[in-house]
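Protein sequence lines correspond, in order, to chains C and F.
Mapped onto my numbering, the consecutive letters of the first sequence carry residue numbers 594 to 874.
Mapped onto my numbering, the consecutive letters of the second sequence carry residue numbers 40 to 582.
Every residue gets a Cβ at the ideal spot worked out from N, C-alpha and C, and that includes glycine.
What follows is a short report on a single structure.
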Amino acid sequence: MSAIRSCLIVALVFALGSLARNTLPASQDPQRRPGTQSAAPPIVGDPDKGRDLFQANCSGCHGIDAGGGDGPDIQQAPASLGDATVANIIRRGVPDTPMVGFFSIGDAGAADIVAYIRKLGSTMSSETTKGDPRKGEEIYNSSGCPACHMIAGQGGEIGPELTSIGAKRGPSNLHQRLIDPGVNLPKEGNVGDRGKWTLYLLYRAVTNDGHVTEGIRMGEDSFSIVLKDVNGNFHALYKPNLRSLEKEPLKSLMPSFKDTLSSAEMDDLVAYLVSLKGATP
Amino acid sequence: MKAAKFFLSLLLFCLCSPSKASAQDVPYKRLLHSDTEPQNWFMYGGDYQSKRFSFLKQITPQNVVNLRPAWIYQRSRPGEMIEDSPVVVDGIMYIVEPPSTVTALDARTGLAIWSWTPALPRVVKVDGYHATSRGVAVLDDMVYIGTIDCHLVALDRKTGAVRWSVTLGDNKINYGLTAAPMAIDGKIIIGPSGSEDGVRGFIDAYDAKTGKRLWRLYTVPDPGEPGSETWGGGQILGGAAWNKGSYDPELNLIYWGTGNPAPDYNGDGRPGDDLYTCSLLAINPDTGKVKWYFQYTPHDTHDWDGTQVPVLFNASLDGKPRKLLSVANRNGFYYVLDRVTGEFVAGVPFVKETYAKGLDAKGRPIVLPNTDPGTEPVLVYPSNNGGVDWVSPAYNPLSKTFFVNAREMGAYFAKSKLPDKPLVVGTGMVMGGRGNSYLSGDDSYGAIRALDVTTGKRKWEFKMQAPSWVAPLATASNLLFSADDEGDFFALDSNTGKVLWHFRTGGSFISSDTRSSPITYEVNGKQYVEAADGDTFIAFALP
Chain C
594 MSAIRSCLIV ALVFALGSLA RNTLPASQDP QRRPGTQSAA PPIVGDPDKG
644 RDLFQANCSG CHGIDAGGGD GPDIQQAPAS LGDATVANII RRGVPDTPMV
694 GFFSIGDAGA ADIVAYIRKL GSTMSSETTK GDPRKGEEIY NSSGCPACHM
744 IAGQGGEIGP ELTSIGAKRG PSNLHQRLID PGVNLPKEGN VGDRGKWTLY
794 LLYRAVTNDG HVTEGIRMGE DSFSIVLKDV NGNFHALYKP NLRSLEKEPL
844 KSLMPSFKDT LSSAEMDDLV AYLVSLKGAT P
Chain F
40 MKAAKFFLSL LLFCLCSPSK ASAQDVPYKR LLHSDTEPQN WFMYGGDYQS
90 KRFSFLKQIT PQNVVNLRPA WIYQRSRPGE MIEDSPVVVD GIMYIVEPPS
140 TVTALDARTG LAIWSWTPAL PRVVKVDGYH ATSRGVAVLD DMVYIGTIDC
190 HLVALDRKTG AVRWSVTLGD NKINYGLTAA PMAIDGKIII GPSGSEDGVR
240 GFIDAYDAKT GKRLWRLYTV PDPGEPGSET WGGGQILGGA AWNKGSYDPE
290 LNLIYWGTGN PAPDYNGDGR PGDDLYTCSL LAINPDTGKV KWYFQYTPHD
340 THDWDGTQVP VLFNASLDGK PRKLLSVANR NGFYYVLDRV TGEFVAGVPF
390 VKETYAKGLD AKGRPIVLPN TDPGTEPVLV YPSNNGGVDW VSPAYNPLSK
440 TFFVNAREMG AYFAKSKLPD KPLVVGTGMV MGGRGNSYLS GDDSYGAIRA
490 LDVTTGKRKW EFKMQAPSWV APLATASNLL FSADDEGDFF ALDSNTGKVL
540 WHFRTGGSFI SSDTRSSPIT YEVNGKQYVE AADGDTFIAF ALP
């Protein structure tokens with residue numbers, strides 16, 4: 594039958610399931626008990642079962658070791674948030690983020706995944722940073738980064754916003770992106786079974802009258818594409834009017850800092866980026 | 040003269056009063072000769088041959104550029120994605136709003152006339168499929184709908200009142216109805232979904248007037264029955280026949296595809312071909328007996344099913360007239376079979392294919408090594424959604440061209456350990472692995488492909504940004520309608536694949552979760568083309 598698309602959990606069941614939970618008297622609903630986590634009975638999951646479920650459903654975004662990928666590092670999530678909360682997030686998702694609810698995994702499945710993540714978190718300490726974030730901030734500002742990136746409302750809008758980049762990417766991931774900005778570009782979030790599209794992918798378009806536009810793909814369908822150039826200008830192009838439209842994988846509008854920053858400076862910059870955990874409006 | 044005036048008035052009355060006209064019966068004869076009434080779209084696939092083809096010619100390659108929305112109907116309730124292919128009879132359109140609400144609309148204006156919603160249990164089990172319906176069937180004065188909790192319901196066509204309702208299977212163990220029923224002479228035929236929980240697939244026929252069950256055909260055998268030897272002594276599970284079939288009234292055969300065996304991705308517990316899963320069954324609709332079968336994918340471990348809708352056509356092969364059918368199967372091969380005998384006639388891949396290097400003389404895939412899901416993921420083309428999933432093809436009998444919405448996409452398949460104990464149906468999904476680790480969207484695309492119907496040789500293709508879930512619709516004026524996954528509804532020249540018109544419907548066909556099957560019809564001399572997108576049903580017409 595139609596394939597199991599865990600990311601597209603059947604909305605009706607979800608809605609009905611939620612309704613069912615919402616209609617339970619508070620005394621029967623563990624989510625509504627006072628002191629939710631401590632009062633709820635401990636969830637005992639099987640990490641071996643959880644491994645399979647994690648790899649099938651979670652590793653695509655959170656990495657095979659839960660250390661982060663397009664989604665955040667969650668190795669320490671059970672330790673810091675509590676098993677029940679993490680299980681709840683697995684079942685229900687996080688609104689307005691690519692983290693959808695994996696309702697059909699069930700309570701037992703969610704508990705198994707939590708047990709596996711907890712095991713990962715205890716056996717693999719999260720990456721640590723060597724640099725000095727204070728120095729890193731100076732390097733960030735003196736290296737031209739703010740021209741393209743925004744942090745807490747300040748900066749340019751060519752590249753991705755970095756306000757909470759430290760909550761999403763680990764140090765080695767960030768280090769790699771500073772060296773090879775076009776490699777392993779992030780993918781979009783929940784797109785069901787279409788396959789995730791690459792974000793910040795560079796295109797080179799040549800119109801029938803020879804005009805060349807190079808820029809980041811902001812939107813595309815079968816008939817048109819919108820590119821954002823290095824100056825932040827949008828170009829809406831109609832595909833039938835193009836002589837050629839080529840992807841430029843591995844290329845990026847961002848320069849590599851491989852030869853312009855020393856190893857220590859790179860560590861400092863990474864440390865600064867890792868320290869960026871959220872918005873300060 | 041007076042008589043002529045009277046008849047002219049009567050004709051005008053009928054043409055201008057769709058709600059009155061709906062009182063007409065839709066006897067089986069009208070369904071049988073649907074080609075003579077191109078103004079109506081009588082059933083899911085347009086006709087019993089499932090051609091998704093219309094003889095209407097008002098909209099042409101020359102004027103299609105002027106096509107514009109005539110009306111928009113916004114779904115009346117939130118819910119799962121729309122997968123409906125409406126039925127239009129005498130100016131009334133019958134749509135299904137997910138999961139199982141039937142609404143009758145004035146097909147000229149989109150105004151709702153009546154709507155019926157079943158009382159569903161608080162929790163509906165839909166493991167492995169979506170809580171939606173692909174459409175209704177009409178016969179005589181009734182409309183038939185399969186509900187998501189596995190009831191077949193007959194509604195009064197004029198009011199939506201329930202005339203009868205029967206239960207096919209227990210939804211608590213994952214039986215549910217998503218397919219449009221088939222209405223033939225006095226019978227309603229339908230099969231439920233549910234293989235992902237290991238339910239035993241079947242196809243049922245019901246008396247159209249009373250709802251009395253006439254026969255049930257199980258698609259997989261009981262232990263000891265013929266075919267059970269192909270399961271290697273393991274558990275026999277799955278084979279849900281969850282899509283719609285086609286019908287040849289002269290041969291008195293219905294052609295119905297069956298789904299995957301369970302567990303989907305780990306076949307270790309069911310060594311053998313696993314009959315009659317992933318197969319096409321030719322069934323006598325009077326008895327429910329199988330005349331012949333053809334298995335597309337023996338021992339499926341990629342969740343490919345075999346439920347694709349077959350197109351029936353006649354052609355001359357080597358100077359001999361033949362009754363044939365063709366199927367673009369989810370396993371990536373295009374098949375031509377003799378529909379009298381089930382004999383394999385031809386088969387070629389219609390998408391990138393790494394599972395099999397071809398088909399042997401009997402049509403069996405010549406499977407390549409290292410394509411079975413492993414403990415480490417294995418990349419296979421096509422993905423678990425196949426070269427095409429459930430969306431129907433279209434066929435233009437005038438140009439003898441078969442149109443398929445092809446999915447060019449690979450996926451990583453992996454198997455997981457099976458439970459030590461026998462699987463118990465009803466405990467939940469028994470996938471035995473996964474096949475939904477897709478390649479990047481930038482490594483995939485969709486394409487409308489035009490194939491020579493007897494050989495499968497490609498005539499042209501129209502590439503789309505992503506694989507889409509929208510059936511093609513062909514017309515006698517050489518138009519081909521479909522839509523991409525980003526929400527563009529378009530018309531192509533069906534002889535060349537050249538884009539003639541496109542319209543951004545405002546919702547992405549994927550992000551808004553619509554998997555549309557466009558149709559065309561005519562009311563009061565005006566041709567309409569209908570497509571669903573996002574939360575809307577949109578009818579287009581010329582100004």
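By the Cβ criterion, the region 653–671 of chain C is not in contact with the region 481–496 of chain F, since fewer than three pairs of Cβ atoms, one from each stretch, lie closer than 8 Å.
The criterion of a C-beta distance shorter than 8 Å is not satisfied by C:Ala680 and C:Val637.
When 8 Å is used as the limit between beta carbons, C:Gly653 is near these residues of chain F: Ser476, in chain order.
Sequence-distant Cβ neighbours of C:Ala703 in its own chain, meaning closer than 7 Å and more than five residues away, are Ala680, Ile683, Arg684.
Between the alpha carbons of C:Leu767 and F:Pro557 lies a distance of about 47 Å. Membership of C:Asn766 in the alpha helix (DSSP H) is indicated by the continuous run 764–772. Leaving aside the five residues that flank C:Met743 on each side, the residues in its chain whose CB is nearer than 8 Å to its CB run, in chain order, Gly749, Glu750, Glu754, Leu755, Thr756.
Linking F:Val65 to F:Phe529 through their CA atoms gives a straight-line distance of about 32 Å.
Across the set C:Tyr796, C:Leu795, C:Glu781, the C-alpha of C:Glu781 shows the shortest separation from the C-alpha of C:Lys789. Per the C-alpha coordinates, the member of F:Ala522, F:Thr393, F:Trp203, F:Arg543 positioned closest to F:Val419 is F:Thr393. Rounded to the nearest whole angstrom, the CA to CA distance from F:Thr297 to F:Tyr434 is 22 Å.
Assignment of beta strand (DSSP E) within the region 338–378 of chain F, counting only whole runs of 3 or more residues, yields 350–356, 359–367, 372–377 in chain order. In this structure, the CA atom of F:Glu382 is about 8 Å from the CA atom of F:Lys401.
Straight-line spacing of the CA atoms in F:Val205 and C:Ala670 works out to 49 Å.
In this structure, F:Tyr183 is the residue among F:Tyr183, F:Ala505, F:Arg473 with its C-alpha nearest to the C-alpha of F:Pro157. For F:Ser455, the C-beta contacts it makes with chain C under 8 Å involve Asp645, Ala649, in order along the chain.
Assignment of C:Ser652 by DSSP, reduced to helix, strand and coil, places it in the helix class. Only residues of its own chain outside the window of five on either side were considered, and among them Gly311, Asp312, Asp313, Leu314 have a CB closer than 7 Å to the CB of F:Thr269, listed in chain order. Counting C-beta atoms within 10 angstroms of its own C-beta, C:Pro764 has 16 or more neighbours from the protein chains shown and is therefore classed as buried.
From the beta-carbon of F:Met503, the residues of chain C found nearer than 7 Å are Ser815. Residue contact check for F:Asp307 against chain C: no CB pair falls below 8 Å. The DSSP assignment places 518–522, 527–532, 538–543 as complete runs of the beta strand (DSSP E) inside the region 513–555 of chain F, in order along the chain (cut-off: 3 residues).
Using a Cβ distance threshold of 8 Å, F:Asn210 and F:Pro160 count as a contacting pair. When 7 Å is used as the limit between beta carbons, F:His541 is near these residues of chain C: Phe816, in chain order. Contact annotation: F:Asp411 and F:Thr340 have beta-carbon atoms nearer than 8 Å.
Rounded to the nearest whole angstrom, the C-alpha separation of C:Thr791 and C:Ser817 is 17 Å. Of the residues assessed, F:Ser507 falls on the buried side of the cut-off, its CB having 16 or more other CB atoms within 10 angstroms. In the DSSP annotation of this structure, the continuous segment of the beta strand (DSSP E) that includes F:Leu292 starts and ends at 292–296.
Cβ contact annotation for F:Asn353 (same chain, cutoff 8 Å, sequence separation greater than five): Pro360, Arg361, Lys362, Leu363, in chain order. The Cβ atoms of F:Val427 and F:Gln347 lie closer than 8 Å to each other. Here the alpha carbons of F:Leu95 and F:Leu512 stand approximately 12 Å from one another.
Taken through DSSP and simplified to helix, strand or coil, F:Gly480 comes out as helix.
At a Cβ-Cβ threshold of 8 Å, F:Ala146 and F:Met132 count as neighbours. In the DSSP assignment, F:Ile152 falls within the beta strand (DSSP E) that extends over 151–155.
At least one C-beta of chain F is nearer than 8 Å to the C-beta of C:Thr791.
Nearest to F:Trp110 by C-alpha distance, out of F:Thr544, F:Arg554, F:Trp153, is F:Thr544.
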